[in-house]
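In my numbering, the protein residues as written are 349 to 472.
Contents: one structure, followed by commentary.
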């Protein structure tokens, strides 16, 4: 059924890509309670999508040794043109100690790929 005020053949949902993609450029390298991941965005942000849309979403980043590279995004801010700093809160990027507890090994790969799936909701 079609409402008179709508065109019957018009798409009801017309949004661009449902994800943001790119590479991980840096991340928190020690144990702390305020961890961040810096990313370089290569695809996905357009005029209908802004960086604030990632808050509450999850980033899925390449990880070492089949580790879990999923982090909930608590905050996001621009660092430069296509680079952003994501706050992931208390979830650490540190995997383990190495060299007699003087250095860290990490879960994420610098230069690894990431995806942030985006969702939308509509009210009738």
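Just so it is clear, CB atoms sit at the ideal spot from N, CA and C, and this is done for glycine as well.
Small disclaimer: the values here were computed from a predicted structure and weren't measured.
- Message: Alpha carbons only, please: which of 369, 462, 454 is nearest the one belonging to residue 415?
- Response: 454
- Query: When you compare only the Cα positions, how much space is there between residue 461 and residue 404?
  - Reply: 20 angstroms
- How long is the line joining the alpha carbons of residue 366 and residue 381, rounded to whole angstroms? Rounded to the nearest angstrom, the two C-alpha atoms are 30 angstroms apart.
- Leaving aside the five residues before and after residue 446 along the sequence, list all residues of the same chain whose C-beta is less than 8 angstroms from its C-beta, in chain order. Within the same chain, 452, 453 come within 8 angstroms of residue 446 by CB-CB distance, once the 5 residues on both sides are set aside.
- Quick one: residues in its chain with C-beta nearer than 6 angstroms to the C-beta of residue 374, no 5 flanking neighbours on either side, listed in chain order? Closer than 6 angstroms at Cβ, skipping near neighbours: 386.
- Of the residues 383, 399, 412, 390, which one's Cα is nearest the Cα of residue 458? 412
- Item | residue 428 (DSSP reduced to helix, strand or coil) | coil
- What do you get for residue 418, buried or exposed, if any count of 16 or more other CB atoms within 10 angstroms of its CB means buried? exposed
- Query: Could you give the residue range of the beta strand (DSSP E) that holds residue 386?
  - Reply: In this chain, the beta strand (DSSP E) harbouring residue 386 covers 383–391.
- Can you name the residues that DSSP bridges to residue 444? 453
- Query: Does DSSP classify residue 433 as helix, strand or coil?
  - Reply: strand
- How would you call residue 390, buried or exposed, if buried means at least 16 neighbouring beta carbons within 10 angstroms? exposed
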